[in-house]
Amino acid sequence: MPKLSGRQQAILEYIKKEVKQKGYPPSVREIGEAVGLASSSTVHGHLARLEKKGLLRRD
54 MPKLSGRQQA ILEYIKKEVK QKGYPPSVRE IGEAVGLASS STVHGHLARL EKKGLLRRD
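Numbering (the numbering used here), first residue to last: 54 to 112.
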């Protein structure tokens, strides 16, 4: 598994938990609130890095 920052790990774990519970992924805003990020732009940046590392896929 590629090396992740603490924030990236928290985001990935939150997404996995939400998909398991609800059957669909959380919104960018929900992710930010869950991991303590106010900026949706910052969340998008983390998601882009996770996607580049092959850990998630966005449509």
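All residues carry an ideal CB built from backbone N, CA and C; glycine is no exception.
{"query": "Between the CA atoms of His97 and Ser80 - distance to the nearest angstrom", "result": "11 angstroms"}
{"query": "Buried or exposed (CB count within 10 angstroms, at least 16 for buried), Gly107", "result": "exposed"}
{"query": "Three-way DSSP call (helix, strand, coil) for Tyr77 in this model", "result": "coil"}
{"query": "Exposure of Gly76, with buried meaning 16 or more beta-carbon neighbours within 10 Å", "result": "exposed"}
{"query": "Beta carbon of Arg110 nearer than 8 angstroms to that of Gln61", "result": "no"}
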